[in-house]
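Student:
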C-alpha cells in the first residue's frame, strides 16, 4: 500500500550511500542481463502494420498489429537502450517486476524513443494495468504508435515558436485515434474483450528547439529540470484514482478529462520519465521532486558512462535493495543535454 511504500523508500536510502549507488552502477555495467535486449539505440522504425492513429481506415492494420502483439508479449523480457540525439544523451530501460520473474509473465511496462533532427525527440512509456489481461499489449501498441505519430508532428514544428494549443490538439488527435483502434480491436469478434482488459497509462515527452512538453494520463511521473538544480523543475505528477493503488487509463471513456499537457522551458536540460514502479525510490515522499540521493549519482554516472550504461541502469533497478521497496514493473527514461552543456 502507498503508506508502506513511502516508509520503505526512506529505509532503502538509509542503507546505500551515494558512493554505494555509484559502485552498484559500475558493477552492474558489466553484469549480463538474464533475458531481453540491451544495446545502443537507433532511430525507431515504424513496425509494419501499425496504424497512423487515424480511424477507421487504418483499423485493419492496427487490429492486425495488436493481434501480433499478443503473441510477442508472452515472456519475461528486459528492454534497454542508449541513444545519442544531437546534444541529448538518452538512456531508457524497462525491467519486469520480481513477481514476474517467478511466474514467467511478461512485463506490462514498455517504452519507445524517437530521435529527430536538431536535438528533438519524443519519448513515450506506458504501463499496462496489472488487473488487465491485455494491458501490456495496449501499452506496446500505444508507445509505438503515439511515439511515431507525434515524432512526425514534431518534425514539422520543431523550428517553430511553441504553441501549447497546437500541441494539445495534436496529442488529443493522436491519442484519440490510438484509443479508437484499441477499443475496436477489443470489441472485435475474434478478441471479444472489454476495454478494461486493455487498460494502460500513458506518459511521454516531446522536446523541441523552443522547449518541450509532457503528456500524461495516469500515474508515473515526468520531471524536467536544470541538471545543476533539481528544485528548479517542471513536474508532471502522478494522478491517482479515488482509492489507493488506483489510477486512470487512456482506454477509459473519460480519458480526455485526465489527459494533462505540461510545458517546460528550453533551459531544462535534464528530463526523467518513470512508471509508478520507480516513483517510490526516484521521487520524494510527496512525489513533487526527484529524490536526490537516487537521481544525483544515477545522473552523474549516466552522463560520464561511455558503454553499457543502459545495462547498468537495468541491473540497478533489479537489485535486492529495490526488491525490498516494490515488486512492480519499472520503466525509467533519463535524458540529458550533453554537448554544449554548461552547468
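Numbering (our numbering), first residue to last: 83 to 425. C-beta atoms are modelled at their ideal positions from N, C-alpha and C, and glycine is treated no differently.
1. On the CB-based measure, 16 or more other CB atoms within 10 Å of its CB, does residue 421 come out buried or exposed?
2. Look at the alpha carbon of residue 238 and the alpha carbon of residue 319, and state the distance between them as a whole number of angstroms.
3. Among the residues of its own chain, which have a CB less than 6 Å from the CB of residue 124, if the five just before and after it don't count?
4. Using CA atoms only, rank isn't needed, just tell me which of 203, 291, 371 and 241 is closest to residue 312.
5. Specify the secondary structure class of residue 378 as computed by DSSP and reduced to three states.
6. What's the gap between the Cα of residue 381 and the Cα of residue 307?
7. For residue 360, which three-state DSSP category applies?
8. Could you tell me if residue 405 is buried or exposed, where buried requires 16 or more neighbouring beta carbons within 10 angstroms of its beta carbon?
9. Taking all protein chains shown into account, do 16 or more other C-beta atoms lie within 10 angstroms of the C-beta of residue 194, making it buried, or fewer, making it exposed?
10. Tell me the DSSP secondary structure of residue 261 in three-state form.
11. Looking at the unbroken alpha helix (DSSP H) that takes in residue 392, where does it start and where does it end?
12. Going by the beta-carbon positions, is the gap between residue 322 and residue 328 smaller than 8 Å?
13. If you run the structure through DSSP and keep just helix, strand and coil, what is residue 414?
14. Compute the Euclidean distance between the alpha carbons of residue 411 and residue 269, then round it to the nearest angstrom.
15. Name the DSSP beta bridge partners of residue 256, please?
16. Touching or not, the segment 359-374 and the segment 297-305, by the rule of three or more beta carbon pairs under 8 Å?
17. Measure the C-alpha to C-alpha separation of residue 71 and residue 358 and round it to an integer number of angstroms.
18. Quick one: what's got a C-beta closer than 6 Å to residue 275's C-beta in the same chain, skipping five residues either side?
19. Straight-line CA distance for residue 223 to residue 288?
20. With residue 260 and residue 227 assumed to form a contact (beta carbons below 8 Å), what rounded beta-carbon distance in angstroms separates them?
Tutor: According to the structure data:
1. In the chain shown, counting from the first residue as 1, residue 421 sits at position 339. Exposed, because fewer than 16 other Cβ atoms sit within 10 Å of the Cβ of residue 421.
2. For the purposes of this step, residue 238 is taken as the residue at position 156 of the chain shown. For the purposes of this step, residue 319 is taken as the residue at position 237 of the chain shown. For residue 238 and residue 319, the distance between alpha carbons rounds to 28 Å.
3. Position 42 of the chain shown, counted from the start, is the residue given in the question as residue 124. Here the model assigns residue 124 a pLDDT of 38, short of 50, so the residue's position is not dependable and the matter cannot be decided.
4. In the chain shown, the residue the question calls residue 312 occupies position 230. Per the Cα distances, 371.
5. For the purposes of this step, residue 378 is taken as the residue at position 296 of the chain shown. In this structure, residue 378 counts as helix in the three-state DSSP scheme.
6. Numbered from 1 along the chain shown, position 299 holds the residue referred to as residue 381. Numbered from 1 along the chain shown, position 225 holds the residue referred to as residue 307. One C-alpha to the other measures close to 12 Å.
7. Taking the chain shown and counting its residues from 1, the one referred to as residue 360 is at position 278. DSSP places residue 360 in coil when its eight states are reduced to three.
8. Sequence index remark: in the chain shown, residue 405 carries index 323 (1-based). A residue is called buried once 16 or more other Cβ atoms fall within 10 Å of its Cβ, and residue 405, having fewer, is exposed.
9. On the chain shown, position 112 is the one that residue 194 refers to. With at least 16 other beta carbons inside 10 angstroms of its own, residue 194 counts as buried.
10. By one-based count along the chain shown, residue 261 stands at place 179. Secondary structure of residue 261 (DSSP, three-state): helix.
11. Position 310 of the chain shown, counting from 1, holds the residue named residue 392. Residue 392 -> alpha helix (DSSP H) spans 391-398.
12. For the purposes of this step, residue 322 is taken as the residue at position 240 of the chain shown. For the purposes of this step, residue 328 is taken as the residue at position 246 of the chain shown. For the 8 Å CB-CB criterion, residue 322 and residue 328 form a contact.
13. Working through the chain shown from its first residue, we reach residue 414 at position 332. In the structure shown, residue 414 sits in a strand (DSSP, three-state: E or B).
14. Working through the chain shown from its first residue, we reach residue 411 at position 329. Working through the chain shown from its first residue, we reach residue 269 at position 187. When the Cα atoms are used, residue 411 and residue 269 turn out to be separated by approximately 27 Å.
15. By one-based count along the chain shown, residue 256 stands at place 174. When beta bridges are read from the DSSP output, residue 256 appears opposite no residue.
16. Cβ pair count under 8 Å is three or more, so yes.
17. In the structure as shown, the chain starts at 83 and stops at 425, and residue 71 therefore has no counterpart that could be examined.
18. Residue numbering aside, residue 275 sits at position 193 when the chain shown is read from its first letter. 268, listed in sequence order.
19. In the chain shown, residue 223 corresponds to position 141, counting from 1. In the chain shown, residue 288 corresponds to position 206, counting from 1. Distance between residue 223 and residue 288, taken at the CA atoms: about 18 Å.
20. Position 178 of the chain shown, counting from 1, holds the residue named residue 260. Position 145 of the chain shown, counting from 1, holds the residue named residue 227. With a Cβ gap of about 5 Å, residue 260 and residue 227 count as contacting.
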